[in-house]
Amino acid sequence: MKIKMVLLSKILLSSFSYAKCNNENQIVAYKCLQSELKTEKTKMNQLYQQIYAQYDDKNKQLLEKSQKAWLNYRDVQCNQLLGRLTYGALGMSAGFAAIDCELNSIQFRLKELKSLTL
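Going by the working numbering, the first residue of the sequence shown is number 2, and it counts up by one from there.
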C-alpha cells in the first residue's frame, strides 16, 4: 500500500509544472506546492484588481459575475476530485491532487484574465 501511495504521489507531482517542488520528501514537496498555490492566487488577485480598476461599472459587474462563476466551477470541480480520491483513502496523495487541481484552475484563469487586459 505504501508503495502505491508513493507511486501515486510521484505521478501527481510529475503532472505539475512546478518541477522545483518535486522532492523525495513528501512533506517538503507539499509545503512547496502550498507556497506555489499562494503565489499563483496572489498573481490572480492582483491581475483581477488591475482589470477591475480599468473597467466601467457595467463591465465591473460582468467581471464580478464571471469571477464568481469561475470560483464556483473551480470549487465544484476540485471538491469532486478530492471526494473521489479521499473515498479511496489515498491520504496525502489526495492533498497533492487537490493542490494540483487548484493550481491548474488558477493558471487557466490567469490566462483568461490576461486576455482581458487593456
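Using N, Cα and C, we set each Cβ at its ideal position, and we do this for glycine too.
Residue i, buried or exposed, once every other Cβ within 10 Å from all chains shown has been counted against 16
{"i": "I28", "result": "exposed"}
{"i": "L114", "result": "buried"}
{"i": "E25", "result": "exposed"}
{"i": "F97", "result": "buried"}
{"i": "A54", "result": "exposed"}
{"i": "E65", "result": "exposed"}
Own chain partners of residue i with C-beta closer than 7 Å, once the 5 adjacent residues on each side are dropped
{"i": "E44", "result": "Residue identity differs from the one stated: residue 44 is Lys in this sequence, not Glu. Here the set comprises L111."}
{"i": "A30", "result": "L14, C22, N23, N24"}
Beta-carbon separation (whole angstroms), residue i vs residue j, contact threshold 8 Å
{"i": "L38", "j": "E103", "result": "6 Å"}
{"i": "L83", "j": "A99", "result": "5 Å"}
Sequence-distant residues of the same chain with beta carbon closer than 6 Å to residue i, five excluded per side
{"i": "L34", "result": "C22, I100"}
Any non-hydrogen atom of the ligand GTP closer than 7 Å to residue i Cβ
{"i": "T43", "result": "With respect to the ligand GTP, the structure offers nothing, as it holds no ligand at all."}
Residue of the options minimising C-alpha distance to residue i
{"i": "Q68", "options": "I52, T40, G96", "result": "I52"}
{"i": "I107", "options": "N73, T118, Q81", "result": "N73"}
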